[in-house]
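Taken in order, these protein sequences are the chains called L and S.
Residue numbering for the first sequence follows the working numbering, starting at 133 and increasing by one per position.
Residue numbering for the second sequence follows the working numbering, starting at 510 and increasing by one per position.
Note that the Cβ used here is the ideal one computed from N, Cα and C, for glycine as well.
Everything numeric in this text was worked out from a predicted model, so none of it was measured.
So the structure is just underneath, and the comments pick up after that.
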Amino acid sequence: MTTPETRSVIVERDFPHPPEKLWRALSQPHLMAEWLMRNDFLPTVGHRFNLRGDWGGVLECEVLILDAGKRLSFTWDHVNDNAAYDLRSVVTFTLTPTTTGTHLRVEQAGFRTDQKQAFGGAMHGWDGFLSKLEAVVGRDL
Amino acid sequence: MPVSETPNDILFRSLSDPTRRAIFERLCRDGEQTVAALTAQAGVSQPVVSKHLAVLKLAGLVRDRPAGRQTHYSAQLKALAPLVDWTHEMAGFWESRMDDLEDVLKRMDQ
Numbered sequence: 133m134t135t136p137e138t139r140s141v142i143v144e145r146d147f148p149h150p151p152e153k154l155w156r157a158l159s160q161p162h163l164m165a166e167w168l169m170r171n172d173f174l175p176t177v178g179h180r181f182n183l184r185g186d187w188g189g190v191l192e193c194e195v196l197i198l199d200a201g202k203r204l205s206f207t208w209d210h211v212n213d214n215a216a217y218d219l220r221s222v223v224t225f226t227l228t229p230t231t232t233g234t235h236l237r238v239e240q241a242g243f244r245t246d247q248k249q250a251f252g253g254a255m256h257g258w259d260g261f262l263s264k265l266e267a268v269v270g271r272d273l
Numbered sequence: 510m511p512v513s514e515t516p517n518d519i520l521f522r523s524l525s526d527p528t529r530r531a532i533f534e535r536l537c538r539d540g541e542q543t544v545a546a547l548t549a550q551a552g553v554s555q556p557v558v559s560k561h562l563a564v565l566k567l568a569g570l571v572r573d574r575p576a577g578r579q580t581h582y583s584a585q586l587k588a589l590a591p592l593v594d595w596t597h598e599m600a601g602f603w604e605s606r607m608d609d610l611e612d613v614l615k616r617m618d619q
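This is the structure:
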């Protein structure tokens, strides 16, 4: 049996704020809750926590890397007995100071190529995806 | 149904009806269900639910499993694969998180 090929998602953005401030937003639970999800994060390597999405899903996470102001990495797992739903991934935030603020690179790695639907659907809710679909194809039906 | 329809046409058509889509979404969300259980929440009669399930089955979106006098239906998410690019969707997720992060950073100044 071969190991399924994995892919990753990389999103990058420049912020007009210093790395120290960005780091606070990335690593303080009440601030994380404002832009990511409700959580019981603690800035400690090995700390296990949950991210709870508005759609009802719960992600199981563990802090892997904590390099203040520079890099934060944690696991991002959506555990399910059904392989098509089961997601094991790692999210890494890398901060690089720039002349105008901070460059943030977000990488989520570990998607299996045979896993194209389940978690993405749960994340956005089927409504969003399917209502777009309806707008495209629903007119003549 | 026109003979020129591709499998994707069938897939799109099968999901374009709101009632049918609600049935499919319910199966995605709650897992395997009987026709009776689906009917209880669908707001339409059991024969109508059965018809919708037949269309979904034709599109490969649901699978039926007879058990005694009941038939259980489950969502087949693999059938959606042609329509969903997983990584593209996650990138969209992170882009929108970054938008919210920008707002948080602005508020932190105040």
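Chain S contact for residue i (CB, 8 Å cutoff)
| i | result |
| --- | --- |
| arginine 145(L) | yes |
| lysine 153(L) | yes |
| alanine 200(L) | no |
| glutamate 166(L) | yes |
| leucine 204(L) | no |
| histidine 210(L) | no |
| alanine 241(L) | no |
| valine 190(L) | no |
| alanine 250(L) | Since pLDDT at alanine 250(L) reaches only 39, below the 50 mark, its modelled position is unreliable, and no value is offered. |
| leucine 183(L) | no |
| histidine 162(L) | no |
| valine 238(L) | yes |
Continuous alpha helix (DSSP H) stretch holding residue i: start and end
| i | result |
| --- | --- |
| proline 556(S) | 555-567 |
| threonine 231(L) | First-last for threonine 231(L): undefined, no H or E at that position. |
| leucine 547(S) | 544-551 |
Straight-line gap, residue i to residue j (C-alpha atoms, nearest Å)
| i | j | result |
| --- | --- | --- |
| phenylalanine 602(S) | leucine 154(L) | 19 Å |
| valine 143(L) | histidine 179(L) | 25 Å |
| phenylalanine 173(L) | serine 205(L) | 12 Å |
| aspartate 146(L) | serine 605(S) | 14 Å |
| leucine 607(S) | tryptophan 167(L) | Note that residue 607(S) is methionine in the sequence shown, not leucine. In a straight line, the C-alpha of methionine 607(S) is about 8 Å away from that of tryptophan 167(L). |
| histidine 162(L) | leucine 183(L) | 12 Å |
| leucine 586(S) | serine 221(L) | 20 Å |
| serine 525(S) | leucine 567(S) | 14 Å |
| arginine 203(L) | alanine 546(S) | 49 Å |
Rounded Cβ spacing between residue i and residue j (contact assumed at less than 8 Å)
| i | j | result |
| --- | --- | --- |
| phenylalanine 533(S) | alanine 576(S) | With 8 Å as the limit, phenylalanine 533(S) and alanine 576(S) do not qualify as a contact, their Cβ atoms being about 21 Å apart. |
| histidine 561(S) | arginine 529(S) | 4 Å |
| leucine 565(S) | valine 571(S) | 4 Å |
| leucine 227(L) | proline 151(L) | 5 Å |
| methionine 599(S) | glutamine 240(L) | 6 Å |
| leucine 520(S) | alanine 588(S) | 7 Å |
Residue i: first and last residue of the uninterrupted beta strand (DSSP E) it sits in
| i | result |
| --- | --- |
| valine 211(L) | Segment: none, valine 211(L) is in no beta strand (DSSP E) and carries neither H nor E. |
| aspartate 539(S) | Premise fails: aspartate 539(S) lies in the alpha helix (DSSP H), 527-539, not in any beta strand (DSSP E). |
| glutamine 480(S) | Nothing about residue 480(S) can be read from this structure; chain S reaches only from 510 to 619. |
| aspartate 573(S) | 571-576 |
| aspartate 186(L) | Where aspartate 186(L) is concerned, there is no enclosing beta strand (DSSP E), given that its DSSP letter is neither H nor E. |
Cutoff 8 Å: residue i Cβ touching any chain L Cβ
| i | result |
| --- | --- |
| aspartate 573(S) | no |
| valine 553(S) | no |
| glutamate 541(S) | no |
| methionine 510(S) | Residue placement at methionine 510(S) is flagged as unreliable, the pLDDT there being 45, under the threshold of 50; a coordinate-derived value is accordingly withheld. |
| arginine 606(S) | yes |
| leucine 565(S) | no |
| arginine 529(S) | no |
Extract the residue ranges of the beta strand (DSSP E) inside the region 145-178 of chain L, only unbroken runs of 3 or more that lie entirely within it. none
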